[in-house]
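Residue numbers (my numbering), protein chains in the order written: chain C, 36 to 316; chain A, 610 to 1010.
All C-beta atoms, glycine included, are put in the ideal place defined by N, C-alpha and C.
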Amino acid sequence: MSTATVEPETDTDSGPTAEAAAVRVPRARVISRETVTMIILPPVLVVIAFLGFVIWRQTAELDSVEAQQLRWSEIQQRTVEHILLTLVSAVLVVVVAVPLGVLLTRGRLRRAAPIVVGIANAGQAAPSVGLIVLLFIWFSSYPPFGVVVSGFWIAVLALTLYGLLPVLRNTIVGIQGVDPTLVEAGRGVGMTSASTLVRIELPLAIPVIMSGVRTALVLIAGTASLACFIDAGGLGVILQTGISLFRFSLMVTGALLIALLALLIEWAGRLLELATRPKGI
Amino acid sequence: MSTTTANTEVNASDVSGAEICLDKVVKRYGGQRVAAVNELTLSIPAGEIVMFVGPSGCGKTTSLKMINRLIEPSSGTITIGGNDIRSSSPDELRRNIGYVIQGGSLFPHLTVGANVAVVPGLLGWDKKRTAERVDELLDLVGLDPARYRDRYPRQLSGGQQQRVGVARGLAADPPVILMDEPFGAVDPITRQRLQDELLSIQRELHKTIVCVTHDIDEAIKLGDRILILREGAHIAQYDTPENILAAPADDFVTDFVGAGSTLKQLSLARVDQLEFATTTTAQIGESSREAVARARAAGDDAIVVLDKQQRPVAWPTLRQVTATEVVADRPREDLVTLDHRATLNDALDTMLTATHASAIVTGARDQYLGLVDFDRVVEHMRSLERAAAEATNGVEPEGLA
């Protein structure tokens, strides 16, 4: 029988007399089994698939076009370009979307949030090839301030616009999702509005924001394959060459490498998400 | 300013609280014809616990939040210790007013220690002073600093979180503490403990505490004074719990206090006002046969087993004692203890769930004091009833406490 006073003992145990050592303390950070799987599995799969590709590449008989395109130095260069396109765009997305999202949860601007999210929605709904090519035509016809913008930066701009939505939306949702009593508790103990934002709201919204960043990373990594249309490089070049010269091996290689890179980037995003999640939540 | 309170005698020098005065305070929300708070004028003496109670929507929480400017009054003035609260910025003001919210409202991404250290941090205390203060406060609210300082809120039970919430409110040693339904989110038994602890902390610190609750029993138990509000924060009655129970101002108060005001007085009386019964006690390791013989001679059918510090650790029946050669500290399950400062209400509650139909009373450091049983409580209730009857017959009630 559990009596009235035994329960609070386990609940309120404190002093040296308490025997609460037996009470199991839940861990500060809980990592679900699914998360563990999603962290171990992708790199393993990527490594296996890539090894398969290496073996095929070293043993297959390639004609001169294929050999030219599938030189290791070529593959490496395209991969680096692809990663650069993705990372630079992702950083820009975070730099633009997080502050914008925060602004849209403050005071009067709150009312503008649906409109801005709507615009970002439209941006994402637009076909990505169209967005990239249109921006290219626009910038080459009317160079802004007379400066000629390279294909790389045009592609980055397009990819940034494309990846904005998930981060923007998740920033707004994440901050709005913070328990209002915690915000009031922050204000109630004398934090300024700004320090409540920085010390309470943003840290608590980080898991949601970071999951938006991961989504954006994957979107951008996939879409960066289209950068080859405006001569901005990336793994899309191999795929594109394969299509125009009708070399099946190039098409498969391009598609495979893009997919593997996207998987790796998504995996890195997960790690980032885990690493930035504040302890205790 | 010195005041006599229901629970303790307070010397003016001990009081670290400050007086709060509300003068014709009005809060009107845009678009509403009726003011949420209409000309509330009130003086809260330094060093007292004042409970705001009333039906939901009566403006009690609004009134509370106007004191730390979480809600700005539409008109009227509020002073703390004679200073108008508008003389400093709201953030500045709030750093000098403790604020305790339901469930503790701890910041989940900060450790217990960091939660308590928030206000000292805002006030720019240095690290060493803050760390010392955090440990001191965790100790005060009954949490071992070494064990709990670095835990995260989700690693604590609801009651423990609430304790940390109280510690956070006390962190910068503010003269005034505001509490908004502080114990609303914990189970009744934990709540009873937390209430007892708040009272014992208050006996030490003598802060001015303003506490909102919807629970009239909590108000009676904790309050030196109770403010009963009706819609628009009109004062229905503002008086000591004894006077409110004995002489409700009108039907609204009578209804609100509810039936059985004699029973409610049980919340005002404390266990240490009863005369304790004695029973046979034995030390751990004593010979069972001797202990049983002593119990038989005294006519007891159970023995309270004490440890070296005279703390009760078990309460076996004679048959359970004879099962072992020497007196053991088992079985622990039947041990039912009550703090000597617990109310009679809590005592009845506790005894109802006990196997012995009585409870062991413990004093300071959990030392054994004696037993209470139903008869003793009932006898005390009868005397209270007689006192209440006299009071309603126009006789000024003598302090029941």
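Verify whether the separation of the beta carbon atoms of residue 776 (chain A) and residue 795 (chain A) is less than 8 Å.
-> In the second sequence, the residue the question calls residue 776 (chain A) occupies position 167. In the second sequence, the residue the question calls residue 795 (chain A) occupies position 186. No, the Cβ-Cβ distance between residue 776 (chain A) and residue 795 (chain A) is not below 8 Å.
Can you tell which of A:664, A:639, A:697 has its C-alpha closest to the C-alpha of residue 589 (chain A)?
-> An answer regarding residue 589 (chain A) cannot be provided, because it is not within the stretch 610 to 1010 covered by chain A.
Contact check, residue 986 (chain A) vs residue 979 (chain A), beta carbons under 8 Å | Working through the second sequence from its first residue, we reach residue 986 (chain A) at position 377. Working through the second sequence from its first residue, we reach residue 979 (chain A) at position 370. No, Cβ-Cβ distance for residue 986 (chain A) and residue 979 (chain A) is not below 8 Å.
Rounded separation between residue 54 (chain C) and residue 892 (chain A) - CA only = Residue mapping note: residue 54 (chain C) aligns to position 19 of the first sequence, counting from 1. Residue mapping note: residue 892 (chain A) aligns to position 283 of the second sequence, counting from 1. Confidence at residue 54 (chain C) is low in this model, with a pLDDT of 37, below 50, so the placement of that residue is unreliable and no value is reported for it.
If the cut is a Cβ gap below 7 Å, which residues of chain C does residue 983 (chain A) touch?
-> Counting from 1 along the second sequence, the entry for residue 983 (chain A) is found at position 374. Residues of chain C passing the Cβ test: none, with the nearest at roughly 15 Å.
Segment contact, 8 Å Cβ cut-off, at least three pairs: the segment 834 to 853 of chain A with the segment 631 to 649 of chain A = yes
Would residue 179 (chain C) pass as a contact of residue 250 (chain C) if the rule is Cβ separation under 8 Å?
-> For this step, residue 179 (chain C) is matched to residue 144 along the first sequence. For this step, residue 250 (chain C) is matched to residue 215 along the first sequence. Against a cut-off of 8 Å, the Cβ pair of residue 250 (chain C) and residue 179 (chain C) comes out as no contact.
Helix or strand or just coil, what does DSSP make of residue 310 (chain C)?
-> Mapped onto the first sequence, residue 310 (chain C) falls at position 275. Reduced to three states, the DSSP call for residue 310 (chain C) is helix.
Residue 190 (chain C) beta carbon less than 8 Å from that of residue 290 (chain C) | Counting from 1 along the first sequence, the entry for residue 290 (chain C) is found at position 255. Counting from 1 along the first sequence, the entry for residue 190 (chain C) is found at position 155. The answer is no: Cβ separation not under 8 Å.
What in chain C is Cβ-close to residue 719 (chain A), meaning under 8 Å?
-> Here residue 719 (chain A) refers to the residue found at position 110 of the second sequence. Within chain C, the residues near residue 719 (chain A) are 315.
The segment 823 to 835 of chain A in contact with the segment 654 to 669 of chain A per 3-pair CB rule at 8 Å | yes
Examine chain A for any beta-carbon lying closer than 8 Å to the beta-carbon of residue 57 (chain C), and answer yes or no.
-> Indexing the first sequence from 1 puts residue 57 (chain C) at position 22. Below a pLDDT of 50, predicted positions are generally treated as unreliable, and residue 57 (chain C), at 44, falls in that range; no measurement from the model is reported.
Please check the pair residue 240 (chain C) and residue 210 (chain C), which I expect to be a contact at CB under 8 Å, by giving their CB distance rounded to whole angstroms.
-> Within the first sequence, numbered from 1, the residue matching residue 240 (chain C) stands at position 205. Within the first sequence, numbered from 1, the residue matching residue 210 (chain C) stands at position 175. Indeed they touch by this definition, with Cβ atoms about 5 Å apart.
Is residue 219 (chain C) close to chain A, meaning its C-beta is less than 8 Å from at least one C-beta of that chain?
-> Numbered from its first residue, the first sequence carries residue 219 (chain C) at position 184. By this cut-off, residue 219 (chain C) is an interface position.
Residues bridged to residue 693 (chain A) (per DSSP) = Working through the second sequence from its first residue, we reach residue 693 (chain A) at position 84. For residue 693 (chain A), which the question treats as bridged, DSSP gives the partners A:688.
Inter-residue spacing [alpha-carbon to alpha-carbon] between residue 700 (chain A) and residue 847 (chain A) = Taking the first residue of the second sequence as 1, we reach residue 700 (chain A) at position 91. Taking the first residue of the second sequence as 1, we reach residue 847 (chain A) at position 238. The alpha-carbon atoms of residue 700 (chain A) and residue 847 (chain A) are separated by roughly 30 Å.
Could you please tell me which residues of the segment 666 to 689 of chain A, in chain order, have their CB closer than 9 Å to any CB of chain C?
-> 674, 677, 679
Is the beta carbon of residue 722 (chain A) less than 8 Å from the beta carbon of residue 743 (chain A)?
-> Residue numbering aside, residue 722 (chain A) sits at position 113 when the second sequence is read from its first letter. Residue numbering aside, residue 743 (chain A) sits at position 134 when the second sequence is read from its first letter. Contact: yes.
Using a Cβ cut-off of 7 Å, which residues of the segment 230 to 254 of chain C contact any Cβ in chain A, in chain order?
-> 235, 238, 239
Which of helix, strand or coil DSSP assigns to residue 56 (chain C) = Within the first sequence, residue 56 (chain C) is the residue found at index 21, counting from 1. Here residue 56 (chain C) scores only 42 on pLDDT, less than 50, and its place in the model should not be relied on; the value that follows carries that caveat. Three-state result, residue 56 (chain C): helix.
Can you check whether the CB of residue 695 (chain A) is closer than 8 Å to the CB of residue 223 (chain C)?
-> Position 188 of the first sequence, counted from the start, is the residue given in the question as residue 223 (chain C). Position 86 of the second sequence, counted from the start, is the residue given in the question as residue 695 (chain A). The answer is no: Cβ separation not under 8 Å.
Beta-carbon of residue 977 (chain A) versus every beta-carbon of chain C: anything under 8 Å?
-> Counting from one through the second sequence, the residue named residue 977 (chain A) turns up at place 368. It does not: the Cβ of residue 977 (chain A) has no partner Cβ on chain C nearer than 8 Å.
Straight-line Cα distance separating residue 78 (chain C) from residue 299 (chain C) | Mapped onto the first sequence, residue 299 (chain C) falls at position 264. Mapped onto the first sequence, residue 78 (chain C) falls at position 43. If you take the alpha carbons of residue 299 (chain C) and residue 78 (chain C), they lie about 7 Å apart.
Option nearest residue 155 (chain C) by Cα separation, candidates C:95, C:206, C:197 | Taking the first residue of the first sequence as position 1, residue 155 (chain C) is located at position 120. Ranking C:95, C:206, C:197 by Cα distance to residue 155 (chain C) puts C:197 first.
Under 8 Å between C-beta atoms, does residue 137 (chain C) make it to chain A?
-> Within the first sequence, residue 137 (chain C) is the residue found at index 102, counting from 1. Not one chain A Cβ lies under 8 Å of residue 137 (chain C).
Distance CB(residue 896 (chain A))-CB(residue 930 (chain A)) smaller than 8 Å | Here residue 896 (chain A) corresponds to residue number 287 of the second sequence, with the count starting at 1. Here residue 930 (chain A) corresponds to residue number 321 of the second sequence, with the count starting at 1. No, Cβ-Cβ distance for residue 896 (chain A) and residue 930 (chain A) is not below 8 Å.
Where residue 56 (chain C) falls, given that 16 or more other Cβ within 10 Å makes a residue buried | Walking along the first sequence from the start, residue 56 (chain C) turns up at place 21. Bear in mind that a pLDDT of 42 at residue 56 (chain C), under 50, signals an unreliable position, so the number given afterwards is only what the model happens to contain. Flag for residue 56 (chain C) reads exposed.
Tell me whether residue 769 (chain A) sits in a helix, a strand or coil according to DSSP, three-state version.
-> Residue mapping note: residue 769 (chain A) aligns to position 160 of the second sequence, counting from 1. DSSP places residue 769 (chain A) in helix when its eight states are reduced to three.
Please classify residue 802 (chain A): does DSSP put it in a helix, a strand, or coil?
-> Taking the second sequence and counting its residues from 1, the one referred to as residue 802 (chain A) is at position 193. Three-state DSSP puts residue 802 (chain A) in a helix.
Of all Cβ atoms in chain C, is any one closer than 8 Å to the Cβ of residue 728 (chain A)?
-> What you label residue 728 (chain A) is simply residue 119 of the second sequence in a count that begins at 1. Taking Cβ atoms only, chain C reaches closer than 8 Å to residue 728 (chain A), which makes this a yes.
Reduced DSSP category for residue 989 (chain A) - H, G, I as helix; E, B as strand; rest coil | Counting from one through the second sequence, the residue named residue 989 (chain A) turns up at place 380. Reduced to three states, the DSSP call for residue 989 (chain A) is helix.
Find out if the Cβ-Cβ distance for the pair residue 919 (chain A), residue 977 (chain A) is shorter than 8 Å.
-> What you label residue 919 (chain A) is simply residue 310 of the second sequence in a count that begins at 1. What you label residue 977 (chain A) is simply residue 368 of the second sequence in a count that begins at 1. Contact flag set, yes.
Nearest neighbour of residue 850 (chain A), chosen from A:866, A:687, A:655, A:804 [CA to CA] | As a position in the second sequence, residue 850 (chain A) is number 241, starting the count at 1. Checked all of A:866, A:687, A:655, A:804; the closest Cα to residue 850 (chain A) is A:866.
If you follow the alpha helix (DSSP H) that residue 739 (chain A) is part of, which residue opens it and which one closes it?
-> On the second sequence, residue 739 (chain A) is found 130 positions in, with the first residue counted as 1. Here the alpha helix (DSSP H) through residue 739 (chain A) covers 736 to 749.
Which runs of the alpha helix (DSSP H) spanning at least 4 residues fall entirely within the segment 117 to 170 of chain C, listed in chain order?
-> 148 to 160
Can you list, in chain order, the residues of its chain whose CB lies under 6 Å from that of residue 909 (chain A), leaving out five sequence neighbours each side?
-> Start at 1 with the first residue of the second sequence, and residue 909 (chain A) comes out as number 300. Here the set comprises 888, 889.
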